[in-house]
Every structure is written in structure tokens, then in C-alpha cells.
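Each remark here refers to the structure printed beneath this line.
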Amino acid sequence: MDAQQVLATIGEPTRFRIVALLADGPRTVGELTSALGALQPQTTKHVQALEAAGVIRVQRLGRRRLASLDRESLRQLGAWFTGLAERTEDDRALESYAADIATAERRAGADGAAAVAFTLERSLPASGDAVWRVWTDPDLAARWWAPRHFEVVRAAIAPTVGAPVELVLREGDGAEYASAGTVREVDQPSRLLFELSPLDADGAVVFPVRVEVRLEPEAAAPTATATATILSVSVRASTTDPAAAPMLAGLEPGWSQQLERLADLLTPPHD
């Protein structure tokens, strides 16, 4: 079944009416002509188009031509629409993001002040040293440090107090988003505190964001020889600009997606 052809065929108003009439049961071409108030040659052309698209069947019973819906084809079309209607992970993420934005706007004070603070935790199948490297090696960070549908254009970070932190992301339409900050505290290889604040087109900070990363060995690894690390990421941000509410609300889903990519990077491939 060619769904596009079927939809284009049914979309013509007279053919749509024919399909609706046949939904109640088979009819002769003459009966369809009468119901439509049309000339028989015109009705015949529409019936032929629907038959060619696989929407209806026309059977000759003696001197009569009886048209009926091809129910199986319509079931296939229905299954195609059902597939389109299935919610994806991206749909759920967008719905959650929209809800977060609405919540942030409601919570904003009269002066537009708003703040977020959250902690995300992940159990990673890697040593603490390995997890530390993917945070502090810019080349490794560039492989995961972006939400879905974004790519890392540039990443800079180092486990040194005062080192600059930079992250530039590009969306599918080519739009780029920059964030920057400074490493404030380092306790290698278990704790990293830095700023990573979004920048406007002029390079000014839109609102400050502080990120604290903590690593600890997992108490009970899956097997005696396995190594696992608990990663905890705490993010705090605030703004007095009501227009920044969507960006503020997007921090938690964005970081959650980034940590999923980090976990994928550290998970060994299965045979």
C-alpha cells in the first residue's frame, strides 16, 4: 500500500464522500451516483481512481457493478497512522520540557526571579579514573557533552583551578549556543566544581550556572571483578530575566540527556 497515493486519492472531496458512503456497506455505481447527485461518468471516474489506489473493490455481478471498501487496505492505512501516533522518547522529553517551562514561569517572582537546583545520579560501569578522564579531557568530553540532536562544536575544560570552561553546541538547523565559565575547585579524581553559564550573542552571561561533579566507588559492583562508579552532578542556576525561563527550565532535561550519552560512552559493547 502506498499511503501517500491512498491519502491523495481519498482527499478529493467526492471520493471522500464515496468512501464514507461505502463504510455502511457495498453499493452499486448507480446507487453512488444517486447519493452523490452526480452524473454517472463522473462517478465512474472517481470509483476507478479509488479502485486503482486499492481503497475499494468493484465486482461485477451480472449486469451490476458493486463497489465495496477494501477493508484490509484500510486496516493497513490505520496501522500506518497508529505507528505515527506512537509517542517517542523525544516526544516525552519535549512534553516534560514544556511542563518544566510552565512551572518555572509560574514560580517566577514578581520581578521575574527564578532558580533551579537539582542533582542527577548515575551508576557507571567504569573506574573513577576513567570517569574523571571523560570529564576533564576536552576530546572525550566532546563525545558526550550535548543533549540529543545537538553536536559539540568546541569543548574546553581542564582539572586546574582557574582553567576556562567552554562549550559550544550546534543544532540541526545550524544555530549555535555557547556557554562558558571557570573551574573553581578540584579534588582529583573525586570532585570538580565549575561554572558553565549560557552566553548571549554578545558573549555576556545570560544567567550564572554552577556545576558540581562528585565521583565515588560503587559499594557493590555487579561482579567481584567489575568496577563501577557513582556519578553525582549537582546544578544550580538563577535568573531575574523572565525571558530566560525556558533556558532555565531546560537545564535538567539537557543535563539528563548528556549523562545518558556519557553512560553510553563508558558502557562496554556487548558481543
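The sequence shown begins at 1241 in this note's numbering and counts up by one. Heads up, the beta-carbon is just placed ideally off N, CA and C, and yes, glycines get one too.
Near residue i, what residues of its chain come up, given a Cβ to Cβ distance below 8 Å and the 5 sequence neighbours on each side ignored?
i: L1314; result: V1295
What is the C-beta distance between residue i and residue j, in whole angstroms, given that I count them as a contact (C-beta under 8 Å)?
i: E1406; j: R1394; result: 6 Å
i: V1298; j: R1304; result: About 10 Å separates the two Cβ atoms, so there is no contact after all.
i: A1381; j: V1371; result: Going by Cβ atoms, the distance from A1381 to V1371 rounds to 12 Å, so no, they are not a contact pair.
i: V1246; j: L1317; result: 6 Å
i: L1364; j: A1503; result: 6 Å
Can you name, in chain order, every residue of its own chain whose Cβ lies under 7 Å from the Cβ of residue i, other than the five neighbours on each side?
i: M1487; result: P1438 and V1446
i: S1472; result: T1359, E1361 and R1454
i: G1421; result: V1405, F1434, E1435, L1436 and S1437
i: S1308; result: L1262, P1266, I1296 and R1297
Please work out which residues of its chain come closer than 6 Å, Cβ to Cβ, to residue i, disregarding the five sequence neighbours upstream and downstream, and give them in chain order.
i: V1451; result: F1434, L1436 and V1475
Buried or exposed for residue i, please, with buried defined as at least 16 other CB atoms from any protein chain shown within 10 angstroms of its CB.
i: A1464; result: Caution is warranted here: a pLDDT of 46 is assigned to A1464, below 50, making its placement in the model unreliable, and the coordinate value is therefore given only provisionally. Exposed: under 16 other Cβ atoms inside 10 Å.
i: E1391; result: exposed
i: T1328; result: exposed
i: V1401; result: exposed
i: H1389; result: exposed
i: T1376; result: buried
i: E1492; result: buried
Can you tell me whether residue i is helix, strand or coil according to DSSP?
i: P1404; result: strand
i: E1425; result: strand
i: L1409; result: strand
i: E1492; result: helix
i: L1279; result: coil
i: E1252; result: coil
i: A1477; result: strand
i: R1305; result: strand
i: V1259; result: helix
i: T1507; result: coil
i: V1295; result: coil
Legend entry - Continuous alpha helix (DSSP H) assignments of at least 4 residues falling wholly in the region 1315 to 1401: 1329 to 1347, 1368 to 1376 and 1378 to 1381
Legend entry - Every unbroken beta strand (DSSP E) inside the region 1430 to 1471 [3 residues or more]: 1431 to 1435 and 1449 to 1457
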